[in-house]
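Taken in order, these protein sequences are the chains called A and B. All residue numbers in the first sequence are consecutive under the numbering used here, ending with 607. All residue numbers in the second sequence are consecutive under the numbering used here, ending with 607. Backbone N, C-alpha and C define an ideal beta-carbon position, used for all residues, glycine too. The next block holds one structure in the form of structure tokens; read it before the comments.
Protein chains: 2
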Amino acid sequence: MNRLAAAARGEIPADLVIHNARVANIFTQEYEPADIAIYSGKIAGIGQNYSGLVNFDAEGRAVIPGMIDGHIHIEDTMMTPQAFAYTAALHGTSTVMADPHEISNALGMSGLEYMFRASQGLPVDIFYGAPSCVPASDLETPYEELDMTAMKSMFDRKMTQHLGEMMDFPKVIAGDPEAWGKILAAGDVPLTGHAPGVSGKELCAYLSSGIDSDHECTTLDEAREKLSRGMWLMIREGASFLDLKTLLPLVKENPLNAARCMAVSDDITARYLLERGHMDEKMRIMIRDGLNPFTALRMVTLSPAEYFRLHDRGIIAPGKIADFTILDADTMDEAFKVHSVWKRGLQVVRDDDVFAVNDAEHLAPVTRVKVKKVPTVEQIRIKAEDSLMNVIGVKEGTVITKTLQVSPKVSDGYVVPDFENDIAKIVVLERHRDTGRFGVGFVKGLGIMRGAVGSSVAHDAHNFVVAGADDESIITALHGLAEMGGGLVVSEGRELKASFALPIGGLMSYLRPEEVCAELAKMENAAETLGVKIPHPFMVLSFLCLSVIPELRITDLGYVDITKGGVQELFVR
Amino acid sequence: MNRLAAAARGEIPADLVIHNARVANIFTQEYEPADIAIYSGKIAGIGQNYSGLVNFDAEGRAVIPGMIDGHIHIEDTMMTPQAFAYTAALHGTSTVMADPHEISNALGMSGLEYMFRASQGLPVDIFYGAPSCVPASDLETPYEELDMTAMKSMFDRKMTQHLGEMMDFPKVIAGDPEAWGKILAAGDVPLTGHAPGVSGKELCAYLSSGIDSDHECTTLDEAREKLSRGMWLMIREGASFLDLKTLLPLVKENPLNAARCMAVSDDITARYLLERGHMDEKMRIMIRDGLNPFTALRMVTLSPAEYFRLHDRGIIAPGKIADFTILDADTMDEAFKVHSVWKRGLQVVRDDDVFAVNDAEHLAPVTRVKVKKVPTVEQIRIKAEDSLMNVIGVKEGTVITKTLQVSPKVSDGYVVPDFENDIAKIVVLERHRDTGRFGVGFVKGLGIMRGAVGSSVAHDAHNFVVAGADDESIITALHGLAEMGGGLVVSEGRELKASFALPIGGLMSYLRPEEVCAELAKMENAAETLGVKIPHPFMVLSFLCLSVIPELRITDLGYVDITKGGVQELFVR
């Protein structure tokens, strides 16, 4: 006779019983005082007087289902999947839906293969979306293009569970065969979208492809239209994008909308994870904002589980996998502090082994291409012309850039950075194929007074990007990046003042989360000595290459502008 | 470039445009004045100024998504799937989830094969559940047993989409390997349950199997417990079971529960379909009961679509299949009258061809076994004994029976029906294998004063059941059933006074819905001439053989009682 059923009936001891729990029930919106019996990694029963081989006294604390992040790019934490998982798990996360498009730009299919391998056996189930836009556009140069055949292969090999965010909404709307081919190659899976500001008939055209979710809404009107058109809404609340408070009225005005909404991270950093948390932080924000905690809980448990068709999780109920978290209080309050965490019935404790530098290396493909073709100071010089110059205008608090037209500062017949007007030079060097191809431009708003800052984290193709006050510092930074095979650098003149190596695709390190934070702090401090005062300068830098966001951007092809549809000239003709 | 996207953008004409629609949106809970553009059977766009090859003016009427019945036994309408589909479609039904366990008891796998074949190309998509309890218990004799290997085969052949109601809850709770094997054979599909009154740890044990829905709740407390344990609730509202009004408070107190609840039919008759309707009738009941019409609409559209993982339907939105209904008003009001219906973008009109008697016959397996071993009057006589006798007690308005102990009326040394106390004789004859095996008992409460009534609709094994006032009438009725190969009969003495043939497995006819109603009315009138005054006497008769419902029942094995776990004696020892 079946032993799971016997454990549910209480006729054989469970593997584990959580006694004196107050089980948060999103359906009754009540706490149910009960024991939770776990057998073979599953919830067997909820009720009174269960006994287990292992017994744990929750002492009247609230117990919630394991939380689910419906959209995150793990690479942005600069941590390995292993380090990420152990850090997030202890904040109550049990499942994440990750879009590995950063590593897939940097290392192609082998990047995805690494992420998949590195995600086995962790205390967080990581399901990957098939990265649907590698490269993000024709204006970027990734390691290799992942086309519809590659997409099909990812699904056939069961490395991916859903379609990763389809960012190339103009092509989908236009009915482009390659974009539609990728969607069809994914098959009958959740098809996640990315359609900032898309509306009306264009939104209809986007959705006619079958795409059924979005995480880019920033206004209530946009969110309401997308919801009304059948899209599941991922409300983003990460390190840089904060949409929860703006969009929560949608759920408050009709709680039934919680069944179609979820709170997601998109981008978070190691520091955010350590200092603020993960899905627990989203719960705190929602509770503080006045949302019914049970309704909020649905948005980080059952709703994402339903959207992603994970029928085995999202609630604490018999037959579901035993993913749950005990809170350090008897209710879900504003503190929402995690007491202890279980994954498939096993208590999650911090596993220092997975943070070890060398153990994980055999899993990872190191950056494959050694960049040798670094330009010279002479090569990146720009001869002055008798016209205005286009400059990338950075605005704090948004990833949108502006196209500025300014009079170039000229010295010895060359255009040079203009400290007084906060205009630095910016160079992007292709690094995946060592073509030596580079683009040169100017950017306003970084606050660089001397030296240069550089990074191999440069969305989405993740080539080398360096912004600096003089050509020598820029070239030093590029050499520093090339030497390391990727990472972050700060240089001044011929001196490499600080560096943080990111050996996995130039995006991730093997360090512990605290070490990642320390390295990042070190790099930001070094940048500050150059005059950089904006918060998160490396993150700002990393977005200047993202060709699919308006307006002016820079890639190894030079200036690009998605709204104008192509490569742009430096000078205004 | 993709033509669906082009139609959505309005750049090429749609196949069909519904102009001046008021689209009922369950998310915004508003009517949106818009055109609906349909291309290639899918919704392309919703918006203003679409034009189509065909244009239909909705004249400001409300438009709702095609409605979905999450649980129905089509056989109980005595209509073929074709006749059922055309009748239901014109009431706004676009999809039904059907459990074919009646025909599967009567004709085994070939019964299921017939249902599947007969359901292709109809204006209602019929998805079948794999009948999980054939026979309903060891106390019944079906045509053939459908075991876990048969279950696997149904799914492998894609004839079934989900697990049909797992009625044998005691075996599931007990962890019986055959019951669990059937569940596991179904795989990762919705696993529909049937667990009347099951609660506490027994409910946990039932759910630990993965079963995740139920349609048997009759009280709020029962419904609330099942909901809280993660079950999707199918609220039943059919011809005989009326649970909507009792259970709607669950949705009214928290509208979010509408995301886990649906309204279903379970059992409805041809007359109910014709006179009252189908899912439209459920909408009327919910709206009259004061439920927000948009919330009610979710329970017959998106919620069942989500539970059954039909990601292509349930809402009117781009990319979904074009199943929708225009109502005869500008809102969803208490009349909720259907104006016109579209299935995959094609208008549904009554197709008299599908009701034709002979055209469909080639699809159907006629009842295969000719019953020759009909007992004689002498064989069904019961010798009196000096003790009390067990009698099946029928109570109007419930399928539950009672075990009565009465002093038998004796004549010439034999027990005979007792008109004064409304006790008739009842005989069940095995019909699937012509074993000649029969059971004899007595039943109180049918009101039979003379003659006999008989039927091959006798849940769930659907053997011949006859109740009568004298042995000769009973044997005449049995011969009548045997001659027809199944159906309904009324006899008196040697005369077969009325009959209604059900050539498809003894359960369904090829007649049009109006003719089915007329035949049933004729049979009920004939029964009334025998003194039968209870409503729906043939339905009441049909449930007396259902071994899985307490208390006393009769099958070809004789008296049975699931609560006592086996065959019961006629006399009290």
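- Would you say B:A356 reaches chain A, if we count a Cβ-Cβ gap shorter than 8 angstroms as a contact? Locating residue 356 of chain B in the second sequence gives position 322, where the first residue counts as 1. B:A356 does not count as touching chain A.
- Name, in chain order, the residues that DSSP records as bridge partners for A:L87. Here residue 87 of chain A is taken as the residue at index 53 of the first sequence, counted from 1. According to DSSP, A:L87 bridges with nothing at all.
- Message: I want to see whether chain A comes within less than 8 angstroms of B:Q63, judged by CB atoms only; does it?
- Response: In the second sequence, residue 63 of chain B corresponds to position 29, counting from 1. At least one chain A Cβ lies under 8 angstroms of B:Q63.
- Counting contacts by CB-CB distance shorter than 8 angstroms, is A:C238 in contact with chain B? Within the first sequence, residue 238 of chain A is the residue found at index 204, counting from 1. Answer yes: the Cβ-Cβ gap between A:C238 and chain B drops below 8 angstroms somewhere.
- Message: Rounding to the nearest angstrom, what Cα-Cα distance links A:P230 and A:E558 in this structure?
- Response: Reading the first sequence from its first residue, position 196 is the one you call residue 230 of chain A. Reading the first sequence from its first residue, position 524 is the one you call residue 558 of chain A. Rounded to whole angstroms, A:P230 to A:E558 spans 30 angstroms at the Cα level.
- Message: Between B:D222, B:K567, B:V500, which has its C-alpha nearest B:G479's C-alpha?
- Response: Sequence index remark: in the second sequence, residue 479 of chain B carries index 445 (1-based). From the listed residues B:D222, B:K567, B:V500, the smallest Cα separation to B:G479 is found for B:K567.
- Should B:N392 be flagged as near chain A, meaning a C-beta pair shorter than 8 angstroms? The residue given as residue 392 of chain B occupies position 358 in the second sequence. Confidence is the limiting factor: at B:N392 the pLDDT is only 49, short of 50, which leaves the residue's position unreliable and the question unanswerable from this model.
- Query: Can you give, in chain order, each stretch of the alpha helix (DSSP H) that sits fully within the region 190 to 271 of chain A and has at least 4 residues?
  - Reply: You should have 203 to 208, 211 to 220, 234 to 242, 254 to 262.
- Query: Excluding the five sequence neighbours on either side, which residues of its own chain have a C-beta within less than 8 angstroms of the C-beta of A:N392, listed in chain order?
  - Reply: To locate residue 392 of chain A, count along the first sequence from 1; it is residue 358. Here the model assigns A:N392 a pLDDT of 48, short of 50, so the residue's position is not dependable and the matter cannot be decided.
- DSSP state of B:M149, grouped into three classes? On the second sequence, position 115 is the one that residue 149 of chain B refers to. Residue state, collapsed to three classes: helix.
- Message: Assuming B:D69 is part of the beta strand (DSSP E), what are its boundary residues?
- Response: Indexing the second sequence from 1 puts residue 69 of chain B at position 35. Here the beta strand (DSSP E) through B:D69 covers 64 to 73.
- Query: When burial is assigned at 16 or more other CB atoms within 10 Å of the CB, is A:L87 buried or exposed?
  - Reply: For this step, residue 87 of chain A is matched to residue 53 along the first sequence. Answer is exposed; the Cβ neighbour count stays below 16.
- Message: Taking DSSP's pairing of strands, which residues face A:K286 in a bridge?
- Response: The residue given as residue 286 of chain A occupies position 252 in the first sequence. BP columns for A:K286 are empty, so no partner.
- Query: In the structure shown, what three-state DSSP assignment does B:N497 receive?
  - Reply: Residue numbering aside, residue 497 of chain B sits at position 463 when the second sequence is read from its first letter. Coil, per DSSP.
- Item | Of the listed residues B:I269, B:T253, B:L241, B:D172, nearest to B:D103 (C-alpha basis) | For the purposes of this step, residue 103 of chain B is identified with residue 69 of the second sequence, where counting begins at 1. Nearest C-alpha to B:D103: B:I269.
- Message: Contact criterion: CB-CB distance below 8 angstroms. Does B:A297 meet it with respect to chain A?
- Response: For the purposes of this step, residue 297 of chain B is taken as the residue at position 263 of the second sequence. The beta-carbon of B:A297 is placed no less than 8 angstroms from the nearest beta-carbon of chain A.
- Chain-ordered residues of the region 80 to 103 of chain A with a beta carbon less than 8 angstroms from chain B: Residues passing the 8 angstroms Cβ filter: I80, G81.
- Who are the neighbours of B:T329 on chain A, taking C-beta pairs under 8 angstroms? Residue 329 of chain B sits at position 295 when you count from the first residue of the second sequence. Correct list: L290.
- How far does the beta strand (DSSP E) with B:C295 in it reach, from first residue to last? Within the second sequence, residue 295 of chain B is the residue found at index 261, counting from 1. Per DSSP, B:C295 belongs to the beta strand (DSSP E) from 295 to 298.
- Item | chain B contacts from the region 192 to 211 of chain A (Cβ-Cβ distance under 9 angstroms) | Here the close residues are V206, I207, A208, G209, D210, P211.
- Message: Checking 8 angstroms against the spacing of the C-beta atoms, do A:I60 and A:I349 come in under that value?
- Response: For this step, residue 60 of chain A is matched to residue 26 along the first sequence. For this step, residue 349 of chain A is matched to residue 315 along the first sequence. Yes, these two residues count as a Cβ contact at 8 angstroms.
- Is the Cβ-Cβ distance between A:G198 and A:A164 less than 8 angstroms? As a first step, residue 198 of chain A must be located in the first sequence, where it is residue number 164. As a first step, residue 164 of chain A must be located in the first sequence, where it is residue number 130. Taking a C-beta distance under 8 angstroms as the contact criterion, A:G198 and A:A164 qualify as a contact pair.
- Query: By Cβ distance below 7 angstroms, which residues in the same chain neighbour B:I355 in space, the five residues on each side in sequence not counted?
  - Reply: Working through the second sequence from its first residue, we reach residue 355 of chain B at position 321. Closer than 7 angstroms at Cβ, skipping near neighbours: G75, K76, D346, R347, R378.
- Please determine, among A:Q63, A:M317, A:V223, the residue with the shortest C-alpha to C-alpha distance to A:K192. Here residue 192 of chain A refers to the residue found at position 158 of the first sequence. For the residues A:Q63, A:M317, A:V223, the minimum Cα distance to A:K192 belongs to A:V223.
- Is the region 276 to 295 of chain A touching the region 93 to 109 of chain A in the sense that three or more CB pairs, one from each, lie closer than 8 angstroms? With fewer than three CB-CB distances shorter than 8 angstroms, the region 93 to 109 of chain A does not count as touching the region 276 to 295 of chain A.
- Could one say the Cβ of A:K286 lies closer than 8 angstroms to chain B's Cβ atoms, at least one of them? Sequence index remark: in the first sequence, residue 286 of chain A carries index 252 (1-based). No - not a single Cβ of chain B is within 8 angstroms of the one on A:K286.
- Task: Please confirm if B:R305 has its CB atom under 8 angstroms from at least one CB of chain A.
- Result: Within the second sequence, residue 305 of chain B is the residue found at index 271, counting from 1. It does not: the Cβ of B:R305 has no partner Cβ on chain A nearer than 8 angstroms.
- Query: Closer than 9 angstroms, Cβ to any Cβ of chain A: which residues of the region 573 to 594 of chain B, in chain order?
  - Reply: The region 573 to 594 of chain B vs chain A, Cβ under 9 angstroms: nothing.
- Item | Beta-carbon spacing of B:V411, B:E259 below 8 angstroms | Your numbering for residue 411 of chain B matches position 377 in the second sequence. Your numbering for residue 259 of chain B matches position 225 in the second sequence. No.
- Neighbourhood of A:F370 by C-beta, 6 angstroms cutoff - its chain only, sequence neighbours within 5 removed: For the purposes of this step, residue 370 of chain A is identified with residue 336 of the first sequence, where counting begins at 1. Only D314, M317, R318 meet the Cβ criterion.
- B:G514, DSSP secondary structure in three states: Counting from one through the second sequence, the residue named residue 514 of chain B turns up at place 480. It is helical.
- Query: According to DSSP, which residues form a beta bridge with B:S374?
  - Reply: The residue given as residue 374 of chain B occupies position 340 in the second sequence. Answer is B:I360.
- Task: Have a look at B:F476, B:D504, B:L463 and flag the residue whose alpha-carbon is nearest the alpha-carbon of B:V440.
- Result: Position 406 of the second sequence, counted from the first residue, corresponds to residue 440 of chain B. It is B:F476.
- Message: Just to confirm my understanding: we take A:D385, look at its own chain, exclude 5 residues before and 5 after, and list those with CB closer than 7 angstroms. What are they?
- Response: The residue given as residue 385 of chain A occupies position 351 in the first sequence. The answer, listed in chain order, is Y120.
- Boundaries of the beta strand (DSSP E) in which A:Y593 is found, first to last residue: On the first sequence, position 559 is the one that residue 593 of chain A refers to. In this chain, the beta strand (DSSP E) harbouring A:Y593 covers 592 to 595.
- Query: Of all Cβ atoms in chain A, is any one closer than 8 angstroms to the Cβ of B:A40?
  - Reply: By one-based count along the second sequence, residue 40 of chain B stands at place 6. The beta carbon of B:A40 sits closer than 8 angstroms to some beta carbon of chain A.
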